[in-house]
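Numbering (my numbering), first residue to last: 1121 to 1603.
Idealized CB from N, CA, C, for every residue including glycine.
Single-structure report; data block below.
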């Protein structure tokens, strides 16, 4: 239908601050924003604009499937990555409203595979990213796991069960971690007796008429007319989409038309009621009472004094964003199937319609786990000739075989050309240059800290980057390099 290409445009139904643009002018401006993605010879995007809960503009640009010359439309399902977290959160809220769980339950009550770290971790802390649990995507990347490789729930739980420490004590800090939301999906299953896929379909998607939205917890499952994710490569494109079965932190396919129905629910409360919608938008707090910029699956922020609730997602060849300005009655949804799509598309459309200058998001909540994220780069050793002999000795002391029980991974440190090289079997090497005697960094700002015993002998090292802190590797007298 025509509305699947361009809905009846009533962008002027609410005043546009400082602009006075006609609906036709606004439509042409949006077209110009998405012009780089409009060719049918390449992947592209879908965009939707809602005013006061009503979808007033929706359009597709580019190709959903290059092999079959399928165009993108507003009803094309995209993988929406971390934008899915708000639906996982609502599932937990609905179970709490039914009295089947409490947000202050310990996660171990429902998922005893999570280790006891000395302090209980609550479901509320998982929702707000204040649990201290290391991000499982980062752990997998450190282990050399391919980002487009398969991952089952059993493998995920085995990884989490091997963890021996947290990034911080539960409730002390806010640090985004996909681990918490993947665990919440398992909580939904064990509390309700239904998978998150089935529970969300019954309690969220079906009541709202979201007929093209589903959690894909089996990567073999077919999704009709879905957009295939692509990575640009050598003037062409390669398929890049998730092939794992973990959901909750992601795993959701949806369309701009369906997401507009979800956006309307924030006004109507048809699912969750007014109290559930309010809870979903309530910012979390740390143990010391400090407010964090995150609610339940939603980033809470401001753009030039205008309140926003938003979430963005990125994985493989997919990029997604959903930004809502509740006080202005405006929401913008952008879904893309190319990794080349810029993160600011939803903001560029919002800027037009609100008549305000662009401003970067205050909090990053997207996931980018590219295969070369920690490829090592071409960092060179510092040109300090007076310390060359000392650096050579320090590198030689650190060289050797190590093992991380938490990753179930053996690695080797090699001193080469004045740098320390981490080898992980067939995975890309990571090169570290010295910051000080026992501190090293890679081109991606990963930190390696050498650990010594009381006699000064090297007994291990730790790695820290982003959402993983102080991951321990013990020195091994016998270990298979990179196994």
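Where residue i and residue j are concerned, what is the direct C-alpha to C-alpha distance, given to the nearest angstrom?
i, j, result
"residue 1415", "residue 1198", "24 Å"
"residue 1423", "residue 1164", "27 Å"
"residue 1314", "residue 1382", "22 Å"
"residue 1530", "residue 1578", "17 Å"
"residue 1493", "residue 1213", "Residue placement at residue 1493 is poorly supported in this model, since its pLDDT is 36, which falls under 50; the coordinates still yield a value, given next. Using only the alpha carbons, I get a separation of about 35 Å."
"residue 1587", "residue 1565", "12 Å"
"residue 1220", "residue 1342", "32 Å"
"residue 1152", "residue 1426", "25 Å"
"residue 1235", "residue 1326", "36 Å"
"residue 1554", "residue 1512", "11 Å"
"residue 1290", "residue 1441", "29 Å"
"residue 1337", "residue 1271", "10 Å"
"residue 1585", "residue 1563", "12 Å"
"residue 1525", "residue 1323", "40 Å"
"residue 1201", "residue 1144", "32 Å"
"residue 1431", "residue 1462", "15 Å"
"residue 1543", "residue 1551", "9 Å"
"residue 1188", "residue 1345", "10 Å"
"residue 1365", "residue 1276", "10 Å"
"residue 1560", "residue 1583", "10 Å"
"residue 1070", "residue 1581", "In the structure displayed, the chain extends from 1121 to 1603; residue 1070 sits before or after that span and is not available."
"residue 1228", "residue 1576", "39 Å"
"residue 1211", "residue 1358", "35 Å"
"residue 1496", "residue 1296", "Confidence is the limiting factor: at residue 1496 the pLDDT is only 35, short of 50, which leaves the residue's position unreliable, though a coordinate-based value still follows. Cα-Cα distance, rounded: 24 Å."
Whose C-beta lies closer than 6 Å to the C-beta of residue i among residues of the same chain, with five residues either side of it excluded?
i, result
"residue 1349", "1360, 1361, 1436, 1437, 1438, 1457"
"residue 1237", "1286"
"residue 1312", "1319"
"residue 1389", "1397"
"residue 1251", "1241, 1245, 1290, 1300"
"residue 1185", "1348"
"residue 1160", "1183"
"residue 1352", "1460"
"residue 1203", "1431, 1433, 1440, 1442"
Just tell me which of the options has its CA closest to the CA of residue i.
i, options, result
"residue 1419", "1400, 1235, 1409", "1400"
"residue 1406", "1240, 1245, 1547, 1574", "1245"
"residue 1387", "1448, 1345, 1357", "1448"
"residue 1518", "1527, 1536, 1525", "1536"
"residue 1471", "1549, 1230, 1428", "1428"
"residue 1088", "1266, 1145, 1203, 1248", "Nothing about residue 1088 can be read from this structure; the chain reaches only from 1121 to 1603."
"residue 1339", "1558, 1227, 1516, 1269", "1269"
"residue 1514", "1316, 1149, 1558", "1558"
"residue 1231", "1157, 1308, 1181, 1284", "1308"
"residue 1444", "1279, 1385, 1249", "1385"
"residue 1677", "1528, 1181, 1358, 1288", "Here the chain covers residues 1121 to 1603 and nothing more, so residue 1677 does not appear."
"residue 1408", "1293, 1549, 1393", "1293"
"residue 1239", "1284, 1570, 1534", "1284"
"residue 1541", "1575, 1516, 1528, 1556", "1516"
"residue 1150", "1393, 1473, 1280", "1473"
"residue 1528", "1226, 1196, 1279", "1279"
Leaving out the 5 sequence neighbours to the left and right, which residues in its chain are closer than 7 Å to residue i when beta-carbon positions are compared?
i, result
"residue 1573", "1579"
"residue 1298", "1255, 1256, 1257, 1369, 1487"
"residue 1376", "1166, 1167, 1168, 1178, 1194, 1453, 1455"
"residue 1328", "1381, 1382, 1385, 1390, 1391"
"residue 1100", "Here the chain has residues from 1121 to 1603 only, and residue 1100 is not among them."
Once the 5 residues before and after residue i are set aside, which same chain residues still bring their CB inside 8 Å of it?
i, result
"residue 1222", "1216, 1243"
"residue 1126", "Per-residue confidence for residue 1126 stands at a pLDDT of 38, beneath the threshold of 50, marking its modelled position as unreliable; the derived number appears in the next sentence. Excluding positions up to five away in sequence, the list reads 1147, 1177, 1178, 1179."
"residue 1403", "1411, 1412, 1413, 1414, 1415, 1420"
"residue 1501", "For residue 1501, the predicted structure reports a pLDDT of 36, less than 50, and the residue's modelled location is therefore unreliable. A value from the coordinates is still provided. Closer than 8 Å at Cβ, skipping near neighbours: 1511, 1537, 1538, 1539, 1553, 1554."
"residue 1224", "1242, 1243, 1244"
"residue 1603", "Any reading at residue 1603 needs caution, since the residue's pLDDT is 39, under 50, leaving its predicted position unreliable; the model's value is listed next. Answer for residue 1603: 1529, 1530, 1545, listed in chain order."
Does any CB atom of chain B fall closer than 8 Å to the CB of residue i?
i, result
"residue 1352", "Absent here is chain B; the protein component of the structure consists of one chain."
4-residue-minimum alpha helix (DSSP H) runs that sit fully inside the region 1138-1192, ordered along the chain: 1143-1153
Stretch pair the region 1451-1470 + the region 1206-1213: three plus CB contacts closer than 8 Å: no
Touching by the beta-carbon criterion (3+ pairs, under 8 Å), the region 1576-1596 and the region 1248-1265: yes
The region 1363-1370 contacting the region 1286-1306, beta-carbon criterion three pairs below 8 Å: yes
Cβ contact (3+ pairs, closer than 8 Å) linking the region 1440-1458 and the region 1332-1339: Because the criterion of three Cβ pairs below 8 Å is not met, the region 1440-1458 and the region 1332-1339 do not touch.
Segment contact flag, the region 1374-1389 with the region 1163-1180, C-beta cutoff 8 Å, min 3 pairs: yes
Ordered list of beta strand (DSSP E) runs contained in the region 1403-1431, each at least 3 residues: 1419-1423
Ranges of the beta strand (DSSP E) found wholly within the region 1302-1372, counting only runs of at least 3: 1350-1353, 1356-1359
Length-filtered (3 minimum) beta strand (DSSP E) runs lying within the region 1566-1602: 1567-1572, 1578-1585, 1588-1595
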